[in-house]
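Visitor:
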Amino acid sequence: MNIKIVYLARLREALGCSEEMLTLASASPTLGDVLAALRERGEPWSYELGEGRAVRAAINHEMATSTDALVHAGDEIAFFPPVTGG
Amino acid sequence: MQRMETDMRISVQHDDFDVAAEVAVLRGRDSRVGAVAVFVGTVREMNDSGSESISEPVSVQAMTLEHYPGMTEKALAKIVSDATHRFNILGATVIHRIGELKPLDQIVLVAVKSAHRGDAFDACRFIMDYLKTQAPFWKKETMAKGAHWVDARESDDEAAARWQLPSDR
Numbered sequence: 200m201n202i203k204i205v206y207l208a209r210l211r212e213a214l215g216c217s218e219e220m221l222t223l224a225s226a227s228p229t230l231g232d233v234l235a236a237l238r239e240r241g242e243p244w245s246y247e248l249g250e251g252r253a254v255r256a257a258i259n260h261e262m263a264t265s266t267d268a269l270v271h272a273g274d275e276i277a278f279f280p281p282v283t284g285g
Numbered sequence: 002m003q004r005m006e007t008d009m010r011i012s013v014q015h016d017d018f019d020v021a022a023e024v025a026v027l028r029g030r031d032s033r034v035g036a037v038a039v040f041v042g043t044v045r046e047m048n049d050s051g052s053e054s055i056s057e058p059v060s061v062q063a064m065t066l067e068h069y070p071g072m073t074e075k076a077l078a079k080i081v082s083d084a085t086h087r088f089n090i091l092g093a094t095v096i097h098r099i100g101e102l103k104p105l106d107q108i109v110l111v112a113v114k115s116a117h118r119g120d121a122f123d124a125c126r127f128i129m130d131y132l133k134t135q136a137p138f139w140k141k142e143t144m145a146k147g148a149h150w151v152d153a154r155e156s157d158d159e160a161a162a163r164w165q166l167p168s169d170r
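So the protein lines, in turn, are chains A and B. Just so you know, we're using the numbering used here here: the first sequence kicks off at 200 and counts up by one. Just so you know, we're using the numbering used here here: the second sequence kicks off at 2 and counts up by one.
#1: Look at the Cβ atom of R1 (chain B), then the Cβ atom of I108 (chain B), and state whether they are nearer than 8 Å.
#2: Classify Q135 (chain B): buried if its beta carbon has 16 or more other beta carbons within 10 angstroms, exposed otherwise.
#3: Let me confirm a value: L269 (chain A) is counted as buried when at least 16 other C-beta atoms fall within 10 Å, else exposed. Which label applies?
#4: Hey, how far is the Cα of P104 (chain B) from the Cα of E142 (chain B)?
#5: Would the beta-carbon of I80 (chain B) fall within 8 Å of that of E23 (chain B)?
#6: When DSSP labels each residue in this structure, what does Y180 (chain A) get in the three-state scheme?
#7: What ranges does the beta strand (DSSP E) occupy inside the stretch 25 to 71 of chain B, keeping only unbroken runs of at least 3 residues that lie completely in it?
#8: Any idea what DSSP makes of A124 (chain B), helix, strand or coil?
#9: Report, in whole angstroms, the separation of the C-beta atoms of M9 (chain B) and A78 (chain B), which I expect to be a contact under 8 Å.
#10: For the alpha helix (DSSP H) that I80 (chain B) lies in, which residues bound it at each end?
#11: How many angstroms separate the CA atom of G231 (chain A) from the CA atom of Q165 (chain B)?
#12: Using alpha carbons as the reference points, say which of B:R28, B:A38 and B:R30 lies closest to L110 (chain B).
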């Protein structure tokens, strides 16, 4: 299945990518599976999206609370640093 | 820009805003209103953020605000909606600017109207505290030595936690 991935702010610059389509083998992947697939690419993905890095995610414009959140075909997943507005 | 039942106005815009004009629109001709609380956030010239790479205050030449189009308006509407459920308020306006700003520029406006001051004060602070940790905006500061992304502050998570809301939902 295919999903759209969006990268924002510092993460977009660090990865040199603002958005892409990603194909996942699993039929019912979680947000954690998406992260794992991206980390498998190696640097800079494995570092920037690695454990311990301050990365937040949104699924279809809603803040994600857990890497167990389910991802569906056609979803828009965004990865970004902690927000700093206001 | 959206208008909803609870007299909610949300705007994410490049242009500056006129605080007096926004307050006048928010108040309208609503004679139930006895209080309007207003918060305006502005760009400071001296950076004293907790960024580990900066130990001394440094002069900021410009600040660029990025957001996540599509999510930002929804996140702000949810914050105002939560405030409406939590406090006895009659309406609210939230305006957040994006793009390149300079020291002294206005960044954000939160204005809340209610019958009595307590709800207006509390809801105004709640909306700002919550916006700081939940609305997808990012600041990049440009100094003489170059530009850097502003780090999130733990104190912002603590401020949001005061309202017993999880900072990462």
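All residues carry an ideal CB built from backbone N, CA and C; glycine is no exception.
Guide: In short, the structure shows the following:
#1: Summary: the structure shown does not reach residue 1 (chain B), with chain B confined to residues 2 through 170, and so no result is reported for it.
#2: buried
#3: exposed
#4: 11 Å
#5: No; because the gap between Cβ atoms is not below 8 Å, this pair is not in contact.
#6: With chain A running from 200 to 285 in the structure shown, residue 180 (chain A) is simply not present.
#7: 36 to 43 and 59 to 68
#8: helix
#9: 7 Å
#10: T73 to R87
#11: Straight-line measurement puts the Cα of Q165 (chain B) at about 27 Å from the Cα of G231 (chain A).
#12: When the alpha-carbon of L110 (chain B) is set against those of B:R28, B:A38 and B:R30, the nearest one is in B:A38.
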